[in-house]
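Residue numbers (our numbering): 349 to 486.
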């Protein structure tokens, strides 16, 4: 007659398998160690094998944890009408800021071109208007 292993040997074995499964689930697979401890305890090596057949779980980032998008704040003079001096020092304009940007893109003015709008006291080189120069050249 064969004798079954005693519970004194089986319980530590299943506790060890459960603990190993929980550890690997948490540290290697990103899964809940509590659930996987019980799965490992009750199903033994089958739970361990299942754990490695499942893909790694990536943590989901809730929407409230994402950084808020920064609103684009344009400098105040972008909504004004602009003028610039062409190669013969003739004023060209009035035009919107986006039209001024298009003229820059087309090569009609450069960073050294003089520009003006009603908030500027005098004709000013585009390169001196740092914020606007960066917006136009980007």
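Just so you know, even glycine gets a beta-carbon here, dropped at the ideal spot from N, CA and C.
query, result
"In three-state terms, what does DSSP make of residue 474?", "helix"
"In whole angstroms, what separates the C-alpha of residue 364 from that of residue 415?", "42 Å"
"In or out: residue 455 buried (at least 16 other Cβ within 10 Å) or exposed?", "exposed"
"Label residue 485 either buried or exposed according to how many other C-beta atoms from any shown protein chain fall within 10 Å of its C-beta, with 16 as the threshold for buried.", "exposed"
"Suppose the cutoff is 6 Å on Cβ atoms and the five residues either side in sequence are ignored; what does the same chain contact list for residue 374 look like?", "381"
"I need the straight-line Cα distance from residue 388 to residue 483, nearest angstrom please.", "60 Å"
"Using DSSP bridges, identify the partner residues of residue 360.", "Paired residue(s): none; residue 360 is not in a bridge."
"Hey, quick one: how far does the beta strand (DSSP E) through residue 431 stretch, first residue to last?", "430-433"
"Taking the CB atoms as reference points, tell me whether residue 431 and residue 440 lie closer together than 8 Å.", "yes"
"Per DSSP, what kind of secondary structure is residue 441 in: helix, strand or coil?", "strand"
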